[in-house]
Amino acid sequence: MQIPQTPQPADLPKLAATILGRIRGQGPRVHCITNGVAQNFTANMLLAAGAVPSMTIAPDEVAQFVARCDALLVNLGTFDDERRVAADIAIEAAAQDDLPWVLDPVFIDRSPARAVFARELVQRKPSAVRPNHAEFSALSGASVGHDALMQFARAQDVVVALSGETDLVADAAHIVAISNGDPLMARVTAMGCAGSALVAACLAVEADPWSASACALLMLGVAGEQAAQNAKGPGSFAVAIIDALADLDGKTIVERARVT
Amino acid sequence: MQIPQTPQPADLPKLAATILGRIRGQGPRVHCITNGVAQNFTANMLLAAGAVPSMTIAPDEVAQFVARCDALLVNLGTFDDERRVAADIAIEAAAQDDLPWVLDPVFIDRSPARAVFARELVQRKPSAVRPNHAEFSALSGASVGHDALMQFARAQDVVVALSGETDLVADAAHIVAISNGDPLMARVTAMGCAGSALVAACLAVEADPWSASACALLMLGVAGEQAAQNAKGPGSFAVAIIDALADLDGKTIVERARVT
Amino acid sequence: MQIPQTPQPADLPKLAATILGRIRGQGPRVHCITNGVAQNFTANMLLAAGAVPSMTIAPDEVAQFVARCDALLVNLGTFDDERRVAADIAIEAAAQDDLPWVLDPVFIDRSPARAVFARELVQRKPSAVRPNHAEFSALSGASVGHDALMQFARAQDVVVALSGETDLVADAAHIVAISNGDPLMARVTAMGCAGSALVAACLAVEADPWSASACALLMLGVAGEQAAQNAKGPGSFAVAIIDALADLDGKTIVERARVT
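Chains as they are written, first to last, in our numbering: chain A, 755 to 1014; chain B, 755 to 1014; chain C, 755 to 1014.
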């Protein structure tokens, strides 16, 4: 029996190029339970990457959508009752089919009820959680740091894909820092939500969740740098990053990647 | 008594120019029961054409919105409970005022429950249904083809406005193929939804539903070609097609139309 | 005791420059109960101004979001049951913390039930209401005019920030006409909604509601004029106004302001 070896940080740029090629070749379906602010931008970012988004939250059909998908995103922004029910059904359907899924615990630092719900969802074995700094602290009770991320990843058996000025992606045994991106990314609503959707798209075509999560954030960061060259502000940047992601090639990822 | 004669395909480009002029002159109100992914883009496309969108789904006011409108769109994407109730009330209100309405059976190929609901709605006499290939098959049980479309149109007394690489618009007696458009249209979320809203806007100002439906898809296709000249990818294309539709003139439609 | 003096119209351009600086310096949090058409554009406009948006409508967390915010927007577009409940809770939470809030009575001229609800909300002491002409008439029973606006402001103890070709902002004792803006602003969906969100952002950093409301509409109008210089139509205009707002400086506001 051969134990598959997790790639090292230095392997990620080439792997990201490979994963992007797989997404474009296979067109994986990604079902998104996400908030109304993010739906349109998320769908367009997934389409730009080469994936096929769907977004229904109706309780009596979400299981059928998930059963026909390759990965699931559960995003807690604007988290109304119907989306909670939908998330519950969708996660159950994903578990039955062994589908990878991503939890984006949006704004759990603002709402204790939402933080409780997020902690319950972590028990249901997402492949990855994708918080920002404040959300990680609300989720884990710890401040952001390499040790805290790896400890949480180990304790919960989950990949932590933390967004920030430098992104950090940890599993129980590995951590990588990704320094790509542009400050304009923080000026566009739903950029983090779209990043989480890209993590789901990568999980659909790559079995190792640490590699998939890191490669997704690397793609997004490089696309952001390309987009910033053509942007006059956050409005045109939001448009340009969709173009940049659709136009992204493996060579650019490898040349621009800053991972350590 | 003079029986109004349905135009032939060759008449459609000039008719589309006329209909676009009517939309801009009259500013018809189009009420849209549509999904959260599509709402913003649909509203902006209707405004670009010269129509006035409204989007409420609240059960105790949707009838009053429809009663003040000139056409209705019912789009089944992200089809939650509240939208089902809203669709039911809106269709009833449209029937009472003899308003034209369009059914966009989004993703019914993915959800049996949604397909059943769509088939029930077809019984309530929409002026047009606007499926893609997979949705037409789920609706009719038949593969796409000229005969299948006309047969369905005849059996259900409805216009079928099928989107695809080539759009096909059929009623019981006529079918037209529209070859305008650009591949980028398939890379932008809610493009089909916006097309269905344009069908509704055209139905508001043109009594013959086959002509109205065909002219709407022709306008969208020509606007897409104009937009592609200024686009660097799907992000800028989604912006440029709104500009192109707002800027579209009858002369361009007539020059660029490819209808047979 | 010194009674604070309300600025005069001529003071507003410089005050708008000051308020914009405060928003960028303080990053006020603005919670928005708003419609699905407007959510994304509103969030991006708030971010462009320098504010931090949140948008949840879930009944059991909206109070906690409002309690952590600096101002509240209640927008009645696509006004479903859940948003009515959320508005009720949010307004109560705002009252407890003495937070300023804005009411945008979208489309109340189309729906009697919505108009009744809006009149009830006016009793709950918003800092400002932000109608267009038809909505003001539905709210007040009067036609738009300087006297009618000031009378309504006096009777209800509220600032009226009316949008139109010329914006008018009235309290019991003052009225200002703002002639900035561009016709393309009426061609983009949710532009009025975003304007109301900017009013909320200004109220978060400026205690006088008349000044805050007028300065918000002035900023929006000047940003619209800047955006129009780079726009080819309503699609690119919607993008350019986000860029323009992010790029807006006090000097440009003072130079371009047309207030009387």
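By construction, the Cβ of each residue, glycine as well, lies at the ideal position given by its N, Cα and C atoms.
Going by Cα to Cα distance, which pick from the options is closest to residue i?
i         : options                                     : result
Ala802(A) : Ala821(A), Ile777(A), Met809(A)             : Ile777(A)
Val828(C) : Asp863(C), Glu1009(C), Gln850(C), Pro885(C) : Pro885(C)
Phe861(B) : Glu979(A), Ala792(A), Val816(A)             : Val816(A)
Ile995(C) : Pro763(C), Val976(C), Pro866(C)             : Val976(C)
Ala848(A) : Ala954(A), Gly781(A), Leu972(A), Ala982(A)  : Ala954(A)
Asp863(B) : Leu957(B), Gln850(B), Pro761(B), Ser897(B)  : Ser897(B)
Asp851(A) : Ala958(A), Ser990(A), Ala985(A), Gly989(A)  : Ala958(A)
Pro854(A) : Thr943(A), Ala821(A), Asp921(A)             : Ala821(A)
Ala961(B) : Phe819(B), Ala825(B), Ala981(B)             : Ala825(B)
Cys938(A) : Arg878(A), Ala985(A), Gln877(A)             : Note on residue identity: the sequence assigns Leu, not Cys, to residue 938(A). For Leu938(A), the nearest C-alpha among the options comes from Ala985(A).
Gln818(A) : Gln877(A), Ile845(A), Thr796(A), Asp921(A)  : Ile845(A)
Given this structure, state the Cα-to-Cα distance separating residue i from residue j, to the nearest angstrom.
i          : j          : result
Ala998(A)  : Asp1003(C) : 29 Å
Val784(B)  : Ala902(C)  : 32 Å
Thr1014(A) : Val930(A)  : 6 Å
Pro963(A)  : Asn794(B)  : 34 Å
Met945(B)  : Cys786(B)  : 15 Å
Gln762(B)  : Ala771(B)  : 15 Å
Ala792(B)  : His887(B)  : 20 Å
Glu940(C)  : Leu974(B)  : It is worth fixing the name first, because residue 940(C) is Ala in this sequence and not Glu. So the two alpha carbons sit approximately 22 Å from each other.
Ala1011(C) : Val923(C)  : 15 Å
Asp925(A)  : Val913(A)  : 5 Å
Cys823(A)  : Gly790(A)  : 21 Å
Ala841(A)  : Phe991(B)  : 33 Å
Leu830(B)  : Thr810(A)  : 10 Å
Asp765(C)  : Gly987(A)  : 29 Å
Leu769(A)  : Asn934(A)  : 16 Å
Met904(C)  : Ser808(A)  : 49 Å
Gln877(B)  : Gly918(B)  : 24 Å
Thr796(B)  : Ala797(A)  : 15 Å
Thr920(C)  : Asp921(B)  : 44 Å
Lys1005(B) : Lys1005(A) : 44 Å
If you count every other CB in all the chains shown that lies within 10 Å of the CB of residue i, and 16 or more means buried, which is it?
i         : result
His900(B) : exposed
Pro767(A) : buried
Ala909(B) : exposed
Asp834(C) : buried
Glu979(C) : buried
Gly949(B) : buried
Asp911(B) : exposed
Gly779(B) : exposed
Met755(A) : Model confidence at Met755(A) stands at a pLDDT of 41, short of 50, so the residue's coordinates are unreliable and nothing is read from them.
Who are the near neighbours of residue i in its chain, counting only those whose CB is closer than 6 Å to its CB and skipping five residues on each side?
i         : result
Leu857(C) : Val828, Leu875, Pro880, Val883
Cys956(A) : Ile773, Ala966, Cys969, Ala970
Ser894(C) : Phe906
Asp936(C) : Gly978, Glu979, Ala982
Between residue i and residue j, is the Cβ-Cβ spacing less than 8 Å?
i          : j          : result
Cys947(C)  : Thr788(C)  : yes
Ile773(C)  : Pro813(C)  : no
Ala951(B)  : Met799(B)  : yes
Glu889(B)  : Pro866(B)  : no
Leu971(C)  : Ile1007(C) : no
Ser1021(B) : Ala907(B)  : Since the first and last residues shown for chain B are 755 and 1014, residue 1021(B) lies out of range.
Val806(A)  : Gly775(A)  : no
Phe871(C)  : Arg838(C)  : yes
Thr760(C)  : Ala1000(C) : no
Val993(B)  : Gly989(C)  : yes
Spatial neighbours of residue i within its chain, please: C-beta separation below 8 Å, excluding the five flanking residues on both sides.
i          : result
Ala869(B)  : Pro859, Ile862, Asp863, Ala892, Leu893
Glu1009(A) : none
Within its chain, find whatever has a CB closer than 7 Å to the CB of residue i; leave out the 5 residues flanking it on each side and keep chain order.
i         : result
Arg873(C) : Leu893
Gly804(B) : Ile777, Arg778, Gly781
**Request:** May I ask you to list, following chain order, the residues of the region 936-951 of chain A that have a beta carbon less than 8 Å from some beta carbon of chain E?
**Result:** No chain E appears in the structure shown, which is made up of the protein chains A, B and C.
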